[in-house]
Each structure stands twice: as C-alpha cells, then as structure tokens.
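2 protein chains.
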Amino acid sequence: MPNRTVYFLSDGTGITAETFGNSILAQFGGKPRHVRRPFIDSAEKAYEVCREIEATGVAEGQRVVVFATLVNPEVLAIVREHCKGLLLDMFGTFIAPLEEEFGLKSNHRVGRFSDVAKSQEYHDRIEAINFSLAHDDGQSAKNLAAADVILVGVSRSGKTPTSLYLAMQHGVKAANYPLIPEDFERSKLPGALAEYRRKCFGLTIDPDRLSQIRQERRPGSKYADPMNCRYEVNEAEKMMKREGIAWLSSTHKSIEEIATTILRDIRPDRLIY
Amino acid sequence: MPNRTVYFLSDGTGITAETFGNSILAQFGGKPRHVRRPFIDSAEKAYEVCREIEATGVAEGQRVVVFATLVNPEVLAIVREHCKGLLLDMFGTFIAPLEEEFGLKSNHRVGRFSDVAKSQEYHDRIEAINFSLAHDDGQSAKNLAAADVILVGVSRSGKTPTSLYLAMQHGVKAANYPLIPEDFERSKLPGALAEYRRKCFGLTIDPDRLSQIRQERRPGSKYADPMNCRYEVNEAEKMMKREGIAWLSSTHKSIEEIATTILRDIRPDRLIY
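So the sequences go chain by chain: A and B.
Going by the numbering used here, the first residue of the first sequence is number 153, and it counts up by one from there.
Going by the numbering used here, the first residue of the second sequence is number 153, and it counts up by one from there.
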C-alpha cells in the first residue's frame, strides 16, 4: 500500500463506509492514514470536507482515496462535483441496479442507525447486552431459560468477548459459563447447565496459547502453568465430547469469526445489524 | 420493498457484505428475508450456494438479490458465471479502480478477520473489552488513569452499552461511572473522577424516556418515578455544565451514533475496525 490518506465520508455514522473501506483496503496490505468524517449532512459541510480533501491531496502530493456512503442527494451532488480525491461512491454504485430490480425509487433515508433507537430491534439488542452482562462468567444461573446460547469453556478461552459481541451485533442473548477444575473432578457439567445442554456451545483453545494469555493475568501461578492448562483443556474437551456439546477452537479465530460460526448453528438466517 | 430474499455471500465472515447490504436495503424500506452464507471458500461450496440461490429464485418466482464480498478468484469466477440472482459484487466493483490508483495488484487475502487474532490491534481490542467490563458502572476506580474516556451520567442513560461498543468496535478503553443522588446532594463529581475530569464525557436523556426505561426494571419505584427522573437529569446536567464536561443526549440516538460522536471528540482519526 502506498503512503495514502483515506477518507470515510458519510451523512450518517460512517460505520458502513469504514467497514467496507477497511475490507477493501486489506486487499492491498499496509496501513493508510484514516480520516473519519461522519455526519456530513449539509451543503456547507460538504463544501468544507471537499476543501479539506483537496488541501490534503496537495500537501501530500497525491490525491486521497474517499469511501463515501452519502444518501442526501444535495450533499452527494456537491461531493461528486468538487471532490478532488478518488471517489468511491458506494451507495450510488449499487442503488441504481437495485432501483431497477425492485422497480422502486430509494428513499434517501440517512443512516441506518437514525431513529433506530426507537425500534423494537434496537430495544432487543440493548436487552441482549444487559442479559449477557448479567450472565457473564457464570455470575447468575437465574433465567438461563431465556438464553439463546450458553458459551462454555475454560477460563480465558474467549467466552466473554464472544458473548458480548453476539449480544451487541446480533441481539443474541448469550450467557457464558466457565468450566473449572471442580467440574473436571466431578466429571460433570456445572449443575445449572444440566437442563440447558442443547443450548451450550463450547470454546476450546490451544493449551500453550492459553498459558500465555493466563501468564499476562497471573504470572507464575498454577492457573497459568502450561501443565495445568493442558490438563484443563483436555478435561474440558473430554467433557464437551461426552455431553455432545459442539465446540470450536478460538486459538486462531477472531470474535467475529467465532460468532459467525455460532450463529450459523443457532440462528442460521436471522436478520443482523 | 418487494417481498425478496437477499443472500449475503462471503469467503470470510460476511460481516462486511451484511453491514453494507443492510445499509443499502434501508434505502428501500421493508424487511427482506436474510440468508447468510459465510465461509464460501471452495469451488464445491460456490457451486452449492449457486444451486441454492437458483432454487430459491424458482420457488419464489423472482430472482434473489445477492451481496457478495468474495476475494478468492476461483470462487468469484464460479459465482459470476453461475449465480442466477442479481449479483452485487462489492469487492470486484471497487478493487479495479483502486488497483489502478495504487499501481498495485490486490492480494486476494480472504477475510479481514482471518489471522487477525494474532495481531496487536486485536489484542488491544480484547484488552479494551476487559477494561470496560472491569470499569462498568463505577465498579472499580483502580487504573482509571488508563481509561481513554470515562462516560458519566445517571443510571440507565446508556453508559454501559456505549462503553462496551467503544471497546469492542474501536479498541477504546471506556470506563463508565454513574452519577447518583448522593453526588447531587454533595454537588460534586464522584471523588474518583475529580482528577480525570478532562477524560469525562456525559450522557443525558429525556426524563420521561428515562422513567419509561427504569419502569421496565423496577416498576413503581422511586427510582423510576417521573419526578425523581426529572430531578436526577436536571442535577446531572447542572453538574456537567459546572464541571465543563461535554455531553450529549442519548434519547434518540443509537449506541453507534453516540460512539461516533464521542470518538470524534477523543480520537478523531484513529483506525477502527
């Protein structure tokens, strides 16, 4: 990737522009400088950002790359005419074929998040976040019946961030429950989970990686000791096998990849945000 | 929006396809049926999903709309040739102008999240989530020096979900601290915050909306009483004004919009995911 500046322009939050832009830019490696310009929702702001883009290009001796998700027709027209960067007009490009396909004009509603705060879906997402927080790390066995999924695994296998991601991005009520040495000694799932076995999804992790992560928390402890980590992971996997709980390894996976896999299992085709 | 089925195809998680697709579809209103097909990373899976798309179109009497983020050239070629839906090839469309602009070939790396689990940025995001959890709702005043931002506001003004969102999506260490009646009686910020005033960002909320939200939690309580909510909100706003703390109202805003505004204040141009 050449040394470029990349702008993300939007009349909403710019999250779509940046998500998409980052995915595309990952195809070129390197780290361009990111400039985020959300809420460009008036002619005045449009002219201003165009001037800024031009000045940046002049100062750097090469034009900037601009990912834009603009639905306000006035703003878009100004940017199209005055933007001296390489303009990648993400909505403009795909709206036209969809209008033709649907035989419908688009509504130019700015921002998929505006007014979303009043919707049932948004309410459900916030409820899911509250649920996942209240049911983090086995804190509460109350109301597990309401959980969409219960992540299980040894401490530091990735349960907490995955649960919160599932709740926040997908409105999934994800509880998580640790498997601890006492469970392995009893060779039994924690009692609270027995009746919810079919909702459980396991996370496992390479023992050496686990030991590394635990060392950061409690250096030199038995908890972080490689032998102990191997024991716990081995016992946890045996338990999940025995109980018929599907699992995956989080070792080389991001929370996004883990969540996508879990969703495929629990709600293959649910609307997400 | 006509009664359509929409597919999201990706050789990665499909998060980009779905984020972008949802933004575009919001321009047409309505709720099409969503079908998510992540991890389409082999010729075999590509043929299979094309057959499925064709069968769906036949069954429904109209072709499906397909948002695709495919970087594997073999998979993309198969989908381009055999997909009987309206194919919106999101990467193909924008990669070519960027290759020309950069004078570089793209690397066809699948999925911006693959192998991300090993990166420093990913590590920092997970640390930020842990930090935000440990500093939720004023649980700990320890290590507030490490916070990037401290959200303050009355109970149920939106601090917790916003903190977690900032951490998860942006790697921002966001603590949050409630303003409670005792603080208003003393007319002082909570003691732990005094030296971190410049990191504080306030959330406020319409008192009637607050009362509604609190009623869901504790019906009939003083906590949820409209008079009490008006008092708390009024006092909190007075305090933020007096202390010179910037704030916004969360009443009509999603956590995405709140977070975008806060980021603009605290880290205008930081790389996000």
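Glycine included, each C-beta is placed from N, C-alpha and C at the ideal position.
Cβ-Cβ distance between residue i and residue j below 7 Å
i, j, result
"Gly290/B", "Tyr329/B", "yes"
"Gly310/A", "Ser401/A", "no"
"Cys202/B", "Val218/B", "no"
"Leu161/B", "Ala220/B", "yes"
"Leu355/B", "Gly305/B", "yes"
"Thr149/B", "Arg185/B", "Any question about residue 149/B goes unanswered here, given that chain B covers just 153 to 425."
"Ala198/A", "Val227/A", "yes"
"Lys351/A", "Val385/A", "no"
"Tyr375/B", "Arg361/B", "no"
"Ile230/A", "Tyr159/A", "no"
Pairwise C-alpha distance: residue j and residue i
i, j, result
"Thr171/A", "Arg394/A", "40 Å"
"Ser363/A", "Cys381/A", "6 Å"
"Gly255/B", "Gly213/A", "16 Å"
"Ile192/A", "Ser373/B", "42 Å"
"Ile167/B", "Glu408/A", "8 Å"
"Arg277/B", "Glu200/A", "33 Å"
"Asn155/B", "Leu239/B", "17 Å"
"Arg369/B", "Asn295/A", "15 Å"
"Arg308/A", "Arg349/B", "33 Å"
"Arg426/B", "Val187/A", "Shown here, chain B extends from 153 to 425; a query on residue 426/B therefore has no answer."
"Thr413/A", "Thr413/B", "32 Å"
"Asp163/A", "Pro190/A", "6 Å"
"Gly182/A", "Lys270/B", "16 Å"
"Arg232/A", "Leu177/A", "22 Å"
"Ala211/A", "Gly237/A", "13 Å"
"Pro359/A", "Lys390/A", "14 Å"
"Asn174/A", "Ala195/A", "27 Å"
"Pro333/B", "Pro378/B", "15 Å"
"Ala411/B", "Gln321/B", "10 Å"
"Glu337/A", "His404/A", "29 Å"
"Gly323/B", "Ala298/B", "13 Å"
"Leu341/A", "Gln272/A", "35 Å"
"Ser339/A", "Glu347/A", "16 Å"
Bridge partner(s) assigned by DSSP for residue i
i, result
"Val187/B", "Tyr159/B"
"Pro330/B", "Gly305/B"
"Asp241/A", "Ala220/A"
"Cys352/B", "Ile302/B"
"Leu400/B", "Leu355/B"
Own chain partners of residue i with C-beta closer than 6 Å, once the 5 adjacent residues on each side are dropped
i, result
"Ala319/A", "Ala280, Ile281, Ser284, Ala326"
"His287/A", "Ala327"
"Trp399/A", "Gly354, Thr356, Met392"
"Ala344/B", "Ala293"
"Thr245/A", "none"
"Ser315/A", "Ser284, Leu303, Ala326, Asn328"
"Pro371/B", "none"
8 Å Cβ shell around residue i - same chain, five flanking residues per side excluded
i, result
"Ser406/A", "none"
"Met242/A", "Thr168, Ala169, Phe172, Phe219, Ala220, Thr221"
Same chain only: Cβ atoms within 7 Å of residue i, ignoring 5 sequence neighbours per side
i, result
"Ser258/B", "Ile247, Glu251"
"Ile418/B", "Asp300, Val301"
"Ala388/B", "Gly305, Val306, Leu331, Thr356"
"Thr312/B", "Asp288, Asp289, Asn328"
"Gly209/A", "Arg215, Val216, Lys236, Gly237"
"Pro96/A", "No answer is possible for residue 96/A: the residues shown for chain A start at 153 and end at 425."
"Pro225/A", "His260"
"Val223/A", "Asp163, Phe243, His260, Arg261, Val262"
Next on the checklist: Beta carbons nearer than 7 Å to chain A: which residues of the segment 319–336 of chain B have them?
Outcome noted: Met320
Checklist entry - Listed in chain order, which residues of the segment 286–298 of chain A have Cβ atoms closer than 9 Å to some Cβ of chain B? => result Asp288
Next on the checklist: By the 8 Å beta-carbon criterion, what residues does the segment 185–202 of chain B contribute toward chain A?
Outcome noted: Arg185, His186, Val187, Arg188, Pro190, Phe191
Checklist entry - Using a Cβ cut-off of 7 Å, which residues of the segment 384–410 of chain B contact any Cβ in chain A, in chain order? => result His404, Lys405, Ser406, Glu408, Glu409
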